[in-house]
Structure formats: C-alpha cells, structure tokens
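Quick note: the sequence shown uses the numbering used here, first residue 129, plus one each step.
Below: one structure, written as structure tokens.
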Amino acid sequence: MRKLTWFNTVSLSVGFAFLYIPMIVLVIYSFNESKLVTVWGGFSTKWYGELLQNKAFLDAALVTAKVAILSSTIATILGTMAAFVLVRSGKFLGRTLFSGMIYAPLVMPEVITGLSLLLLFISIGMDRGVTTIVLAHATFSMCYVSVVVSSRMATFDTSLEEAALDLGCTPWDAFKSVTLPIIAPAVISGWLLAFTLSLDDLVIASFTAGPSSTTLPIKIYSSVRLGVSPEINALSTIMIGLVTVAVIIASLSSKISIARQKRDEYMANQ
129 MRKLTWFNTV SLSVGFAFLY IPMIVLVIYS FNESKLVTVW GGFSTKWYGE LLQNKAFLDA
189 ALVTAKVAIL SSTIATILGT MAAFVLVRSG KFLGRTLFSG MIYAPLVMPE VITGLSLLLL
249 FISIGMDRGV TTIVLAHATF SMCYVSVVVS SRMATFDTSL EEAALDLGCT PWDAFKSVTL
309 PIIAPAVISG WLLAFTLSLD DLVIASFTAG PSSTTLPIKI YSSVRLGVSP EINALSTIMI
369 GLVTVAVIIA SLSSKISIAR QKRDEYMANQ
C-alpha cells in the first residue's frame, strides 16, 4: 500500500478546496440577513420563507422534478436494454453503428443536440413543453445509463442465469429473478446519474422548453442575469442538500445490495 506523500496531500486539498469552498460559501450566505449577497448582515432563515412564497420558483421546481423523474426512468429502461444488447448479443450486423449511436451523445456538444432536437420537434409539429423536454433529456442521458449498466453486465456470471433456465425459468423470469437483482446497484446508479443530469441541464432544456414549461435551471439563469438574490442562494442550498441525501441513500442501498448478494452466495455454497 502506497503512503500518502505531501504532494498528494496538497494536491487533494487544493482539488477539494476548489470544488467545495464555493458551495460552502453559497450555503453560508443563504442564511444571510442582508439583501446583499456579498455583505454579511447576520444569521437569518427568512430567505427560505421568501422562497417558499415565490410561485415562479415553485412552478419551475415542479416542472424540473417531473421532467427529471420521467426522463431518468425512460433513460434507465432504454439504457439497460441497450446495455443488454451490447453485452449479450455478441457480433451482429450493424453493431458498430448501434454502439456509435448509443455513445454519440457522450461527445456531442449540448448546443448541437438541443438545436437538432428543436428542429426535429418543429418539423413534426410537436409543441414544445414538458413532453419535449422529457424526450430530449431521455435521449442524451440514456447513453450514460448504458455505460454504467454495461460495465456491470460485462463482469456478470452468466452461469447463474443458465442455472435458473435449467431449473425451468423462462428467459424473462431468469432476468427478473436473477439478473436484475444482481445488476440493480448499477441500474440505480444509472437512474440517479440520469436524474442529476436532467436536474442540472440548462442548454438542451432552453432549446426544447416552451413558454409554460420553464425548468429550474432556466429560471435561475434568467434571475441571475438581473443580479444574484438571497433566494437563489437558499434554493441552491436546498438542491445541494437533496443531491447529498440522494447520494447517501444510493450508496447505502448499493452496500446493502452487495452485502445481501455476498450472503446469498455464501448460503448457496454451504
């Protein structure tokens, strides 16, 4: 085991400071009494109360949550299916094109993706709204789910599925009872990743959103252009807290799933 040198310690400290000090400052100033976000006027939680009374922010948050849940669920289903095809189907005609189309959004600039989706929706006569944002977010986040699930399925022991099939399970029952529980941590991680990407997206949503479907990032960006208000600090703090809780829950769920899997393997070997 390599020792932690002073260079590694300094590098880690600078990296973490660069990432988290701005967030810590934002959280601290969300409890600022003053209307000026750069001047400390004492501790207060009034801006959280003001935020809860701001109908524009609440409506944008509701749209964002709806879009994130729907798009991440669709992306998880399609991404898992794509990963299953890429890992299990071997070589087939069009595999290179298929994998290229799956991974293309990873390297495609968001401006190009948003513009192309906008032109698509206009050409088919679809009005921009929540549905178009959901389709757009599911399109670009599906590839991330596919990458996460593919890495797990590549190390999956197929003999477990074969044993289930030998015992009389249908392919669907074997997948539902054996494969899915084992790859569940990767599927959950993919869903959380797609959810976070949808929650954070600004560029693609700005192309595909309609007048009555403003998402939270678009609303925050519009408000910041007129000046940062303490309400935005409070809103950002709440979002940081929600993401932190979600990451902790996902980590605990993954550890519990791995522990349960090891226990089942131990009981099966006895």
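Heads up, the beta-carbon is just placed ideally off N, CA and C, and yes, glycines get one too.
What you are looking at is a predicted structure, and each value in this text was computed from that prediction instead of being measured.
Measure the Cβ-Cβ separation of residue i and residue j and say whether it is below 8 Å.
{"i": "S287", "j": "A211", "result": "no"}
{"i": "V215", "j": "S278", "result": "yes"}
{"i": "L344", "j": "A188", "result": "yes"}
{"i": "S357", "j": "I346", "result": "no"}
{"i": "S381", "j": "I316", "result": "yes"}
{"i": "A122", "j": "Y272", "result": "Any property of residue 122 remains undetermined from this structure, which presents the chain solely from 129 to 398."}
{"i": "N361", "j": "V167", "result": "no"}
{"i": "E359", "j": "L186", "result": "no"}
{"i": "S385", "j": "P313", "result": "yes"}
{"i": "L154", "j": "T365", "result": "yes"}
{"i": "V276", "j": "T324", "result": "no"}
{"i": "A264", "j": "L320", "result": "no"}
Do you know how far the Cα of residue j is from the Cα of residue i?
{"i": "A374", "j": "M229", "result": "30 Å"}
{"i": "F268", "j": "V235", "result": "10 Å"}
{"i": "L206", "j": "M270", "result": "7 Å"}
{"i": "T192", "j": "A266", "result": "13 Å"}
{"i": "L198", "j": "T133", "result": "46 Å"}
{"i": "P339", "j": "I368", "result": "27 Å"}
{"i": "P390", "j": "I310", "result": "The amino acid occupying residue 390 in the given sequence is Lys; Pro does not appear at that position. Straight-line Cα distance between these residues: approximately 11 Å."}
{"i": "A337", "j": "G257", "result": "5 Å"}
{"i": "G355", "j": "S251", "result": "37 Å"}
{"i": "G253", "j": "V262", "result": "17 Å"}
{"i": "L245", "j": "V213", "result": "25 Å"}
Applying the criterion that 16 or more other CB atoms from any shown protein chain within 10 Å of the CB defines a buried residue, is residue i buried or exposed?
{"i": "G242", "result": "buried"}
{"i": "G203", "result": "Gly is not the amino acid found at residue 203; the sequence shown has Ala there. The residue in question, A203, is buried, as its Cβ has 16 or more Cβ neighbours within 10 Å."}
{"i": "F81", "result": "One cannot answer for residue 81 here, as it falls past the ends of the chain, which runs 129 to 398."}
{"i": "A232", "result": "exposed"}
{"i": "M281", "result": "buried"}
{"i": "S326", "result": "buried"}
Can we count residue i as close to the ligand NAP, meaning its CB is less than 7 Å from some heavy atom?
{"i": "F220", "result": "With respect to small molecules bound, the structure shown includes none, and the ligand NAP cannot be examined in it."}
* Asked: What are the complete beta strand (DSSP E) segments, minimum 3 residues, inside the segment 168 to 202?
  -> none
* Any chance the segment 346 to 363 sits against the segment 218 to 226, with 3 or more Cβ pairs inside 8 Å? -> no
* Inter-stretch contact (C-beta, 8 Å, three-pair minimum) for the segment 156 to 163 and the segment 283 to 301 -> no
* Of all the alpha helix (DSSP H) runs that stay within the bounds of the segment 193 to 250, which reach a length of 4 or more residues? -> 223 to 235
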